[in-house]
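Numbering (the numbering used here), first residue to last: 362 to 630. Data first, discussion second: the structure below is written as structure tokens.
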């Protein structure tokens with residue numbers, strides 16, 4: 362334990378924590394869940410990825426230069442967008458590009474606002490601050506955007522008869538699609554609304570917990586967590602709206618036609 366009350370973990374203690382996964386294996390065997398192999402693979406992958414990113418971050422922190430921080434941010438966005446696109450069941454041409462633009466714009470703009478006007482580290486690109494903040498905003502924005510696009514693709518097909526009826530009666534493409542677009546954006550924002558609603562009552566958020574474990578005063582940890590929630594909510598709102606509008610522009614043409622054949626399931630149907 363250091364002077365701030367931070368308790369360092371040894372690799373032996375990490376191994377002890379990993380051994381608790383035996384409980385999950387027992388549950389899987391008893392109930393016939395068939396997830397033991399998936400759980401083991403997820404644990405190995407998570408451990409290796411986090412150890413690798415720890416080494417990468419240490420290397421970047423030691424140098425603390427703007428080009429490396431920006432490069433790290435670009436890599437994070439590319440990997441996040443690729444991962445999000447793979448999770449989508451409903452696809453349409455350029456969906457990965459739209460997802461990338463929505464996630465990149467929302468996370469970088471909100472992170473820039475945080476670093477430039479809220480947290481204000483010196484220098485503003487200080488990697489110990491910039492990368493964690495971008496990571497938290499990016500991860501949550503990605504979740505919101507993928508939920509939004511998933512909901513939008515399915516709902517547009519389900520609402521096809523209603524949409525095409527409205528279009529045939531003279532409605533514009535926006536008048537026909539607005540309700541479905543709004544529902545998808547709302548779906549993407551529900552998780553952060555739920556998280557904000559129960560924070561501090563049902564659960565202690567991750568950033569606040571991490572700061573408390575590192576010895577930060579509770580009130581200071583709370584202030585940071587509140588700010589992060591506001592930043593995440595803003596990024597999700599911006600990202601889901603951008604993603605939904607980009608998808609809308611590709612699935613409805615300027616002649617007010619619904620291009621429903623562009624929407625396909627992951628298996629190509």
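Just so it is clear, CB atoms sit at the ideal spot from N, CA and C, and this is done for glycine as well. What you are looking at is a predicted structure, and each value in this text was computed from that prediction instead of being measured.
Range covered by the alpha helix (DSSP H) that runs through residue i
| i | result |
| --- | --- |
| residue 587 | 579 to 612 |
| residue 493 | 488 to 519 |
| residue 477 | 456 to 478 |
| residue 377 | 372 to 380 |
Under the three-state DSSP convention, the category residue i falls into
| i | result |
| --- | --- |
| residue 526 | helix |
| residue 425 | coil |
| residue 451 | strand |
| residue 570 | helix |
| residue 616 | coil |
| residue 575 | coil |
| residue 560 | strand |
| residue 627 | coil |
| residue 535 | helix |
| residue 485 | coil |
| residue 368 | coil |
| residue 395 | coil |
| residue 565 | coil |
Residue i versus the options, residue with shortest Cα-Cα distance
| i | options | result |
| --- | --- | --- |
| residue 598 | 549, 383, 449, 368 | 549 |
| residue 589 | 461, 389, 474 | 474 |
| residue 400 | 414, 413, 384, 531 | 384 |
| residue 554 | 613, 596, 469, 434 | 596 |
| residue 531 | 463, 436, 616, 422 | 616 |
| residue 515 | 382, 379, 623 | 623 |
| residue 463 | 485, 602, 618 | 602 |
| residue 585 | 488, 421, 481, 457 | 481 |
| residue 425 | 456, 522, 487 | 487 |
| residue 469 | 368, 618, 495 | 495 |
| residue 461 | 614, 620, 608 | 608 |
Alpha carbon of residue i to alpha carbon of residue j, nearest angstrom
| i | j | result |
| --- | --- | --- |
| residue 606 | residue 587 | 29 Å |
| residue 544 | residue 513 | 8 Å |
| residue 592 | residue 409 | 29 Å |
| residue 577 | residue 583 | 10 Å |
| residue 417 | residue 477 | 25 Å |
| residue 472 | residue 539 | 29 Å |
| residue 431 | residue 491 | 10 Å |
| residue 450 | residue 509 | 12 Å |
| residue 547 | residue 374 | 42 Å |
| residue 386 | residue 397 | 6 Å |
| residue 627 | residue 454 | 12 Å |
| residue 524 | residue 411 | 46 Å |
| residue 604 | residue 610 | 10 Å |
| residue 570 | residue 527 | 50 Å |
| residue 465 | residue 445 | 12 Å |
| residue 529 | residue 427 | 54 Å |
| residue 382 | residue 436 | 31 Å |
| residue 413 | residue 406 | 11 Å |
| residue 404 | residue 395 | 16 Å |
| residue 331 | residue 519 | No answer is possible for residue 331: it lies beyond the span of the chain, which begins at 362 and ends at 630. |
Residue i at chain B interface by Cβ criterion, 8 Å
| i | result |
| --- | --- |
| residue 458 | Among the protein chains of the structure shown there is no chain B, as only one such chain exists. |
Exercise. Does the region 493 to 511 come close enough to the region 548 to 562 that 3 or more CB-CB pairs lie under 8 Å?
Worked result: yes
Exercise. Would you call the region 428 to 442 and the region 552 to 571 touching, i.e. three or more CB-CB distances under 8 Å?
Worked result: no
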